[in-house]
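**Student:** Residue numbers (our numbering): 536 to 929.
Note that CB positions come from ideal geometry on N, CA and C, so glycine has one too.
Note that this is a predicted model, so its numbers are computed, not measured.
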Ligand code: JHZ
């Protein structure tokens, strides 16, 4: 019998996409962010899933094309898929603003994007986009109109979908016999190493290990044949699947290497999660201490990048407007609003003002890009505060 064991309670959290129009709303929705480990599948997930309609709606703020790093990563991947697999058709689950799928205008390219404001963008770009949630019924509708797919791609989306069995079944049903499925999501091994507990929030129902992915997908007839470790989004895995029945595709040696490495880390054992939980509690204490000390000296502190991830840190550590004066962000749909739960104003990025010496790195996953961009700030003695891998003034 599978046991679902609670290993960390991160307290009450809001909807991360709910960037507020007013600073103190009286009806903000909160849920308990608790993490569990499934002893049978080895899957790590949230205990309480939030209704998808609350999270993914026509006010969805995240734009996958907002960072240069990601624009380049998607363009590079598109070229590599074209070269290696020469697909005649491609489907993207979670096509966001089209940053990836727009590279496939010469073949049959289909998007799936339940956030209607985003689906409108790609439909305007002449990419047929279904503004519905991915499931078996939608997959049947899509196949009826488009036949089976050579490639199905999904970045930072499968970890957001609650019913994984149905999700992978629908993928398997939609692939042609030689077709491949590529999934890209944050890596659990990296989360454990970096203590990046902010990878857990309402949308991230799961953070996948290769071990868990193998266990879940084999049930529906999918087999991992290659894995690429990525630096994006704080450390992700790009996992390639084929149908079990397809023996034309060779299984790369790196699959067993990843599985072995995870076994050595103890990803299949509860102890690792108990240790992680202890580290997260220590991390909170230390981060709050850093903020308190700086505030005592009267230092203004701003936030850099109002990420969904940072919502977990701010709400868990109770870092509100008293600690962070405002966030700077380049995303137009976030500017002029307030951070969910902690009610910190978000301002348009126009460089870091000269009176600011400390900036909390909400977008720590883009550290390299940001450090390059903020040379002037660093030169004049400006410092970033980050909680990854442990709270520190950088
Ligand atoms: P970003 C989102 O997570 C949500 P977030 C989602 N659930 C997910 O899985 C991942 O993306 C993939 C800003 N920024 O995407 C832009 C600057 O202001 O890394 C963004 O608001 N200046 C779908 O939100 C934010 O930071 C900059 O120079 O946790 C980055 O958000 C840069 C580089 C970014 O992750």
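Cβ-heavy atom distance between residue 859 and ligand 1 below 7 Å?
**Tutor:** The count along the chain shown starts at 1 and reaches residue 859 at position 324. No - ligand 1 has no heavy atom lying nearer than 7 Å to the Cβ of residue 859.
**Student:** Taking 8 Å as the cut-off, decide whether the C-beta atoms of residue 737 and residue 879 are in contact.
**Tutor:** Locating residue 737 in the chain shown gives position 202, where the first residue counts as 1. Locating residue 879 in the chain shown gives position 344, where the first residue counts as 1. Not a contact, by the Cβ cut-off of 8 Å.
**Student:** Starting from the Cα of residue 686, find the closest Cα among 788, 642 and 859 and give me that residue.
**Tutor:** Position 151 of the chain shown, counting from 1, holds the residue named residue 686. Residue 642 is the option with its Cα nearest to residue 686.
**Student:** By Cβ distance, which residues of its chain are closer than 8 Å to residue 630, with the 5 residues on each side in sequence left out?
**Tutor:** Counting from one through the chain shown, the residue named residue 630 turns up at place 95. Taken in chain order, the residues that qualify are 636, 646, 647, 648, 653, 654, 657, 662 and 664.
**Student:** If the criterion is Cβ atoms closer than 8 Å, does the pair residue 802 and residue 837 meet it?
**Tutor:** What you label residue 802 is simply residue 267 of the chain shown in a count that begins at 1. What you label residue 837 is simply residue 302 of the chain shown in a count that begins at 1. In this structure, residue 837 does not lie closer than 8 Å to residue 802 by Cβ.
**Student:** Check for me: the alpha helix (DSSP H) holding residue 818 runs from which residue to which?
**Tutor:** Position 283 of the chain shown, counted from the first residue, corresponds to residue 818. Residue 818 -> alpha helix (DSSP H) spans 805-831.
**Student:** Return the first residue and the last residue of the alpha helix (DSSP H) that residue 703 is part of.
**Tutor:** Within the chain shown, numbered from 1, the residue matching residue 703 stands at position 168. Counting along the chain, the alpha helix (DSSP H) containing residue 703 begins and ends at 699-709.
**Student:** Can you give the Cα-Cα distance for residue 724 and residue 800, rounded to whole angstroms?
**Tutor:** Indexing the chain shown from 1 puts residue 724 at position 189. Indexing the chain shown from 1 puts residue 800 at position 265. Those two C-alpha atoms are separated by around 8 Å.
**Student:** Please specify which runs of the alpha helix (DSSP H), each continuous and at least 4 residues long, are wholly inside the region 627-692, giving them in chain order.
**Tutor:** Runs found: 651-659 and 671-681.
**Student:** Is DSSP giving residue 784 helix, strand or coil here?
**Tutor:** Stepping through the chain shown from its first residue, residue 784 is reached at position 249. Residue state, collapsed to three classes: coil.
**Student:** Taking only beta-carbon atoms, is residue 633 less than 8 Å away from chain C?
**Tutor:** Protein chains in the displayed structure number just one, and chain C is not present.
**Student:** Starting from residue 935, follow its DSSP beta bridges and name the residues at the other end.
**Tutor:** Given that the chain is displayed from residue 536 to residue 929, the structure contains no residue 935 and the question cannot be resolved.
**Student:** Around the C-beta of residue 680, are 16 or more other C-beta atoms found within 10 angstroms, so that it is buried, or is it exposed?
**Tutor:** Locating residue 680 in the chain shown gives position 145, counting from the first residue. Its Cβ having fewer than 16 others within 10 Å, residue 680 is exposed.
**Student:** Taking the DSSP output, what are the residues bridged to residue 924?
**Tutor:** Numbered from its first residue, the chain shown carries residue 924 at position 389. Answer is none; residue 924 lacks a bridge partner.
**Student:** For residue 748, which option in 709, 703 and 787 has the closest C-alpha, if you only look at C-alpha atoms?
**Tutor:** Residue mapping note: residue 748 aligns to position 213 of the chain shown, counting from 1. Closest option to residue 748, Cα to Cα, is 703.
**Student:** So residue 905 and residue 839 are supposed to be a Cβ contact under 8 Å. How far apart are they, rounded?
**Tutor:** In the chain shown, counting from the first residue as 1, residue 905 sits at position 370. In the chain shown, counting from the first residue as 1, residue 839 sits at position 304. About 7 Å separates the two Cβ atoms, so the contact holds.
**Student:** Are there any heavy atoms of ligand 1 lying less than 7 Å away from the beta-carbon of residue 908, as far as the coordinates show?
**Tutor:** Looking up residue 908 in the chain shown gives position 373. Because some heavy atom of ligand 1 lies under 7 Å away, the Cβ of residue 908 counts as near it: yes.
**Student:** Please name the residue, chosen from 561, 669, 568 and 579, that lies closest to residue 745 on a Cα-to-Cα basis.
**Tutor:** Start at 1 with the first residue of the chain shown, and residue 745 comes out as number 210. For the residues 561, 669, 568 and 579, the minimum Cα distance to residue 745 belongs to 579.
**Student:** Could you spell out where the alpha helix (DSSP H) holding residue 613 opens and where it closes?
**Tutor:** Start at 1 with the first residue of the chain shown, and residue 613 comes out as number 78. Where residue 613 is concerned, the enclosing alpha helix (DSSP H) stretches over 603-620.
**Student:** Identify which residue in 758, 768 and 772 has its Cα closest to the Cα of residue 785.
**Tutor:** For the purposes of this step, residue 785 is identified with residue 250 of the chain shown, where counting begins at 1. Measuring from the Cα of residue 785, the nearest candidate turns out to be 758.
**Student:** I need the straight-line Cα distance from residue 587 to residue 552, nearest angstrom please.
**Tutor:** Walking along the chain shown from the start, residue 587 turns up at place 52. Walking along the chain shown from the start, residue 552 turns up at place 17. About 12 Å.
**Student:** Please identify the residue among 892, 901 and 900 whose C-alpha is closest to the C-alpha of residue 919.
**Tutor:** Counting from 1 along the chain shown, the entry for residue 919 is found at position 384. When only C-alpha atoms are compared, the closest one is 892.
**Student:** Can you tell me whether residue 601 is buried or exposed? The criterion is at least 16 other CB atoms within 10 Å of its CB, across all chains shown.
**Tutor:** Stepping through the chain shown from its first residue, residue 601 is reached at position 66. Answer is buried; the Cβ neighbour count reaches 16.
**Student:** If the criterion is Cβ atoms closer than 8 Å, does the pair residue 554 and residue 875 meet it?
**Tutor:** What you label residue 554 is simply residue 19 of the chain shown in a count that begins at 1. What you label residue 875 is simply residue 340 of the chain shown in a count that begins at 1. Yes; because the gap between Cβ atoms is below 8 Å, this pair is in contact.
**Student:** Sorted by chain position, which residues of the same chain lie with C-beta nearer than 6 Å to residue 844's C-beta, five sequence neighbours on each side aside?
**Tutor:** Residue numbering aside, residue 844 sits at position 309 when the chain shown is read from its first letter. So the qualifying residues of the chain are 733.
**Student:** Could you tell me the boundaries of the alpha helix (DSSP H) in which residue 747 lies?
**Tutor:** Mapped onto the chain shown, residue 747 falls at position 212. Counting along the chain, the alpha helix (DSSP H) containing residue 747 begins and ends at 745-752.
**Student:** Can you tell me the Cα-Cα spacing of residue 833 and residue 895, whole angstroms?
**Tutor:** Locating residue 833 in the chain shown gives position 298, counting from the first residue. Locating residue 895 in the chain shown gives position 360, counting from the first residue. Looking at the two C-alpha atoms, the distance is approximately 16 Å.
**Student:** Does the beta carbon of residue 691 fall short of 7 Å from some heavy atom of ligand 1?
**Tutor:** Counting from one through the chain shown, the residue named residue 691 turns up at place 156. Yes.
**Student:** So, for residue 814: in the same chain, excluding its five sequence neighbours on each side, which residues have a beta-carbon less than 6 Å away from its beta-carbon?
**Tutor:** Working through the chain shown from its first residue, we reach residue 814 at position 279. These residues qualify, in order along the chain: 730.
**Student:** For residue 713 and residue 756, which I take to be in contact (beta-carbon distance under 8 Å), what is that distance rounded to the nearest angstrom?
**Tutor:** As a position in the chain shown, residue 713 is number 178, starting the count at 1. As a position in the chain shown, residue 756 is number 221, starting the count at 1. Contact doesn't hold; Cβ gap of about 14 Å is too wide.
**Student:** Return yes when at least one heavy atom of ligand 1 lies under 7 Å from the C-beta of residue 869, else no.
**Tutor:** As a position in the chain shown, residue 869 is number 334, starting the count at 1. Yes, the beta carbon of residue 869 sits closer than 7 Å to at least one heavy atom of ligand 1.
**Student:** Ligand 1 and residue 768: does the residue's C-beta get closer than 7 Å to at least one heavy atom of that ligand?
**Tutor:** Looking up residue 768 in the chain shown gives position 233. The answer is yes for residue 768.
**Student:** Measure the Cβ-Cβ separation of residue 851 and residue 864 and say whether it is below 8 Å.
**Tutor:** The sequence position of residue 851 within the chain shown is 316, counting from 1. The sequence position of residue 864 within the chain shown is 329, counting from 1. No; because the gap between Cβ atoms is not below 8 Å, this pair is not in contact.
**Student:** Under 6 Å Cβ to Cβ from residue 644, same chain only, skipping five residues before and after it: list those, please.
**Tutor:** Here residue 644 corresponds to residue number 109 of the chain shown, with the count starting at 1. 625, 636 and 662, listed in sequence order.
**Student:** Are there any heavy atoms of ligand 1 lying less than 7 Å away from the beta-carbon of residue 841, as far as the coordinates show?
**Tutor:** Here the question's residue 841 lines up with position 306 in the chain shown. Checking every heavy atom of ligand 1 against the Cβ of residue 841, one is found closer than 7 Å.
**Student:** Might you give, ordered along the chain, the residues of its own chain that have their beta carbon closer than 8 Å to the beta carbon of residue 576, omitting 5 neighbours on each side?
**Tutor:** Position 41 of the chain shown, counting from 1, holds the residue named residue 576. Only 537, 747, 750 and 751 meet the Cβ criterion.
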